[in-house]
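Novice:
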Amino acid sequence: LAKTTQPISMDSYEGQEVNITCSHNNIATNDYITWYQQFPSQGPRFIIQGYKTKVTNEVASLFIPADRKSSTLSLPRVSLSDTAVYYCLVLYRYSSASKIIFGSGTRLSIRP
Amino acid sequence: NAGVTQTPKFQVLKTGQSMTLQCAQDMNHNSMYWYRQDPGMGLRLIYYSASEGTTDKGEVPNGYNVSRLNKREFSLRLESAAPSQTSVYFCASSEAVGSSQETQYFGPGTRLLVL
Chain A
15 LAKTTQPISM DSYEGQEVNI TCSHNNIATN DYITWYQQFP SQGPRFIIQG
65 YKTKVTNEVA SLFIPADRKS STLSLPRVSL SDTAVYYCLV LYRYSSASKI
115 IFGSGTRLSI RP
Chain B
581 NAGVTQTPKF QVLKTGQSMT LQCAQDMNHN SMYWYRQDPG MGLRLIYYSA
631 SEGTTDKGEV PNGYNVSRLN KREFSLRLES AAPSQTSVYF CASSEAVGSS
681 QETQYFGPGT RLLVL
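Protein sequences appear in the order of chains A and B.
Following the working numbering, the numbering of the first sequence begins with 15 at its first residue and continues without gaps.
Following the working numbering, the numbering of the second sequence begins with 581 at its first residue and continues without gaps.
Quick look at the structure:
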């Protein structure tokens, strides 16, 4: 069963750039990679989505190499409020059905 | 526009009791999902509904049943609760399952404790 793999936890300091990498070896040709953010006692919230190369929005960038077997979420100049769990999501397809698999998540802690 | 709402927010059950978790979305989405999240763990898909009238199993369906009542509502039922079902349950919706660009919108969660 294909799945995504992320580091369990990461620490950083305010003002630094943080990069979180997700491995997804069995990604299909037409699948997109999506990242979510989750604060304690809340549901996950969409951050960014991409297919290849680089995508940037107002909160993050997503880098995807040519082989698409991994992706890196980049958070520029983090603040204490970026402390959360970050999930990588790839849509895997099995026969006529789709299986939706969240990664185990990366717990990001930002220190002053 | 409330997005995805879930009731109840918190529930305590005794082993063997049954209950139904309710979920509703007002975004006119076709697809809806139920996940569970155990302490310190990621989300695992229980069931999903690609469209009104259809439901399919996810990764961990045993012990649960679902009903897609209409386009807005998707309920999750525990027929005989077990302590192993103690978890936080999240409902989500998206425009369509099977679309690679789908974005899922999550509700605030229901915390369930089974004694």
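Heads up, the beta-carbon is just placed ideally off N, CA and C, and yes, glycines get one too.
Check distances from the C-beta atoms of the segment 586-600 of chain B to those of chain A and list, in chain order, the residues that come in under 8 Å.
Specialist: Going along the segment 586-600 of chain B in chain order, one finds no residue with a Cβ nearer than 8 Å to chain A.
Novice: At what residues does the beta strand (DSSP E) containing serine 23 of chain A begin and finish?
Specialist: Along the first sequence, read from residue 1 onward, the residue named residue 23 of chain A stands at position 9. Residues 23-27.
Novice: Mind checking who glutamate 653 of chain B pairs with in its DSSP beta bridge?
Specialist: The count along the second sequence starts at 1 and reaches residue 653 of chain B at position 73. DSSP lists B:Ala604 as partners of glutamate 653 of chain B.
Novice: Look up arginine 624 of chain B in the DSSP assignment and give the residues it is bridged to.
Specialist: Taking the second sequence and counting its residues from 1, the one referred to as residue 624 of chain B is at position 44. Answer is B:Arg616.
Novice: When the Cα of serine 23 of chain A is compared with those of A:Pro90, A:Cys36 and A:Gly29, which residue comes out closest?
Specialist: As a working mapping, residue 23 of chain A is identified with position 9 in the first sequence. Of the candidates A:Pro90, A:Cys36 and A:Gly29, the one whose C-alpha sits nearest the C-alpha of serine 23 of chain A is A:Cys36.
Novice: Do phenylalanine 60 of chain A and tyrosine 46 of chain A have their C-beta atoms closer together than 7 Å?
Specialist: Within the first sequence, the letter at position 46 stands for residue 60 of chain A. Within the first sequence, the letter at position 32 stands for residue 46 of chain A. Not closer than 7 Å, so no.
Novice: Put leucine 695 of chain B into one of helix, strand or coil per three-state DSSP.
Specialist: In the second sequence, residue 695 of chain B corresponds to position 115, counting from 1. Leucine 695 of chain B falls in the coil class under three-state DSSP.
Novice: When you compare the CB positions of valine 99 of chain A and arginine 125 of chain A, do they come within less than 7 Å of one another, or not?
Specialist: Here residue 99 of chain A refers to the residue found at position 85 when the first sequence is read from its first residue. Here residue 125 of chain A refers to the residue found at position 111 when the first sequence is read from its first residue. Not a contact, by the Cβ cut-off of 7 Å.
Novice: Count the other CB atoms within 10 Å of the CB of serine 660 of chain B; is the residue buried (16 or more) or exposed (fewer)?
Specialist: Position 80 of the second sequence, counted from the start, is the residue given in the question as residue 660 of chain B. Looking at its Cβ environment, which holds fewer than 16 other Cβ atoms inside 10 Å, serine 660 of chain B is exposed.
Novice: Rank B:Lys594, B:Thr595, B:Asn608 and B:Val592 by C-alpha distance to the C-alpha of valine 584 of chain B and give the top, closest one.
Specialist: Within the second sequence, residue 584 of chain B is the residue found at index 4, counting from 1. If we check each option's Cα against that of valine 584 of chain B, B:Asn608 comes out closest.
Novice: Measure the C-alpha to C-alpha separation of glutamate 675 of chain B and glycine 638 of chain B and round it to an integer number of angstroms.
Specialist: In the second sequence, residue 675 of chain B corresponds to position 95, counting from 1. In the second sequence, residue 638 of chain B corresponds to position 58, counting from 1. Their Cα atoms are separated by approximately 18 Å.
Novice: Count the other CB atoms within 10 Å of the CB of threonine 690 of chain B; is the residue buried (16 or more) or exposed (fewer)?
Specialist: Position 110 of the second sequence holds residue 690 of chain B. Buried, by the Cβ-count rule.
Novice: Any Cβ of chain A within less than 7 Å of the Cβ of leucine 623 of chain B?
Specialist: As a working mapping, residue 623 of chain B is identified with position 43 in the second sequence. For leucine 623 of chain B, the closest Cβ of chain A is nearer than 7 Å.
Novice: Determine whether the Cβ of phenylalanine 654 of chain B lies closer than 7 Å to any Cβ atom of chain A.
Specialist: Counted from its first residue, the second sequence places residue 654 of chain B at position 74. By this cut-off, phenylalanine 654 of chain B is not an interface position.
Novice: Anything in chain A within Cβ reach of proline 641 of chain B, meaning under 9 Å, just list it in chain order.
Specialist: Along the second sequence, read from residue 1 onward, the residue named residue 641 of chain B stands at position 61. Residues of chain A passing the Cβ test: none, with the nearest at roughly 12 Å.
Novice: Within 10 angstroms of its Cβ, does leucine 695 of chain B collect 16 or more other Cβ (buried), or is it exposed?
Specialist: Reading the second sequence from its first residue, position 115 is the one you call residue 695 of chain B. By the 10 Å Cβ count, leucine 695 of chain B comes out exposed.
Novice: Among B:Ser673, B:Phe590 and B:Thr683, which has the Cα closest to the Cα of serine 611 of chain B?
Specialist: Position 31 of the second sequence, counting from 1, holds the residue named residue 611 of chain B. Nearest in C-alpha terms to serine 611 of chain B, of all of B:Ser673, B:Phe590 and B:Thr683, is B:Ser673.
Novice: Does the beta-carbon of alanine 80 of chain A have 16 or more other beta-carbons within 10 angstroms, so that it is buried, or is it exposed?
Specialist: In the first sequence, residue 80 of chain A corresponds to position 66, counting from 1. Alanine 80 of chain A should be labelled exposed.
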